[in-house]
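One structure is given below, encoded as structure tokens.
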Amino acid sequence: MHLYSIVKVEFKKLLKKPLSFIVLAVLFIPIFYTYSVLTDAPLLQMTPSGAMDFAFGQWSLLGMTGLFQVLFSLVVVNSFSSEIDKGQIKMAVLRQCSRTKLVYAKVIVLFLYMMLCYVVYLVFALCCYYGFVVHTSYGTGEWISEAIQAYGVGRFIMSGLFTLMDTLVTVGILFLCSLRFKTGICFMLAVGTSTLLLIMQFFPIVQYLVPAYVGNLLDYGMISPLIAGGLCLLYLLVTMVCVGITARKFERMDLR
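Read left to right, the sequence shown gives residues 61 to 316 (the numbering used here).
Here is the structure:
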């Protein structure tokens with residue numbers, strides 16, 4: 061089978077798994093923030109914002125919690141490690157005949173699903189804004205505020221992508237671990253990786269290895285888009301190396 065055909069099969073399979081929708085739990089964050097705006101919660105620092113400011117602000121808030129990384133790790137483990145443990149991966153190999161293509165197809169599917177979650181989150185946040193926040197003193201009604209336009213729309217959008225990079229690095233590490241460890245251990249390693257990335261943000265130099273930290277620096281104008289883009293390529297390289305090693309080891313792996 062061609063890679064495109066395998067991707068279609070794997071994507072349909074992913075959407076049929078109930079656990080794949082656990083990432084929708086992240087929608088609680090814009091719901092909570094919208095409720096806080098409506099009740100004028102004194103514990104939150106809120107300033108009037110435009111629609112896209114609000115949506116990307118919610119996404120940045122999600123990135124700081126590490127919740128998306130942890131929940132998406134469950135989807136990754138269920139997509140690869142769990143299928144190895146249950147022997148389901150062997151049937152996929154027998155049907156599709158290429159282990160390497162299967163690994164790459166699963167990574168592509170997870171990336172597409174991650175992007176879908178990203179779009180759904182932003183659309184939901186925009187619905188919260190226009191449905192509720194825009195009617196309060198915290199909603200300016202603008203699509204993009206003048207402050208963001210002065211700051212740079214491109215920089216603002218780029219900073220939101222680093223949460224995805226954080227998750228993508230975790231995906232690469234999990235794929236590599238799935239060949240050696242059981243499903244439960246892989247998930248604990250995913251939680252440990254997400255926690256480690258959060259802790260690394262507080263240590264000089266190594267903090268630049270954390271995509272979410274670099275995204276925050278870009279948010280506050282403390283790093284140029286060029287340097288951020290270079291670091292982004294580094295994160296992609298780490299992910300590609302992990303996936304490449306996984307594909308090579310998977311070729312020689314005994315399947316039960």
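C-beta: ideal position from N, C-alpha, C; glycine also.
For residue i: DSSP bridge partner residues
i: Gly199; result: Ser109
With 16 other Cβ atoms within 10 Å as the buried cut-off, status of residue i
i: Trp203; result: exposed
i: Glu311; result: exposed
i: Glu206; result: exposed
i: Gln64; result: Note on identity: in this sequence residue 64 is Tyr, with Gln being the wrong assignment. Classification of Tyr64: exposed, given that the 10 Å Cβ count is below 16.
i: Asp226; result: buried
i: Met174; result: buried
i: Asp317; result: Lying outside 61 to 316, the shown extent of the chain, residue 317 is not represented and no answer is given.
i: Gly289; result: exposed
i: Val301; result: exposed
i: Arg159; result: buried
i: Gln148; result: exposed
Option in the options with minimal Cα separation from residue i
i: Leu224; options: Thr255, Tyr178 and Lys77; result: Tyr178
i: Thr299; options: Val163, Leu63 and Phe262; result: Val163
i: Phe128; options: Lys309, Arg215 and Leu84; result: Leu84
i: Arg244; options: Ser142, His62 and Ile66; result: It should be noted that the sequence gives Gly, not Arg, for residue 244. Taking only the C-alpha atoms, the option nearest Gly244 is Ser142.
i: Ser96; options: Ala288, Phe192 and Thr160; result: Phe192
i: Phe71; options: Phe235, Lys309, Val136 and Asp145; result: Val136
Discussion item. Going residue by residue through the region 80-149, where are the continuous alpha helix (DSSP H) segments of at least 4 residues, counting only ones entirely within it?
Written reply: Entirely contained in the region 80-149, the alpha helix (DSSP H) runs reaching 4 residues are, in chain order, 88-98, 111-125, 127-139 and 141-146.
Discussion item. Whether or not the region 278-298 and the region 184-199 are in contact is what I'm after, with contact meaning three or more pairs of Cβ atoms, one per stretch, closer than 8 Å; do they touch?
Written reply: In the pairwise beta carbon analysis, the region 184-199 is classified as not touching the region 278-298: fewer than three pairs are separated by under 8 Å.
Discussion item. Taking 8 Å as the cut-off, does the region 222-239 touch the region 267-278 (at least 3 CB pairs, one atom from each stretch)?
Written reply: As far as the Cβ criterion goes, the region 267-278 touches the region 222-239, which means the pair count is three or higher.
Discussion item. List, from N- to C-terminal side, the alpha helix (DSSP H) runs of 4 residues or more that fit wholly inside the region 244-304.
Written reply: With a minimum length of 4 residues, the continuous alpha helix (DSSP H) runs that stay inside the region 244-304 are 271-279.
Fill in: Runs of alpha helix (DSSP H) wholly within the region 214-248 (minimum 4 residues, chain order)
Correct list: 222-238.
Item to complete: Would you check if there are 3 or more beta carbon pairs closer than 8 Å linking the region 191-200 to the region 106-113?
Response: These segments touch.
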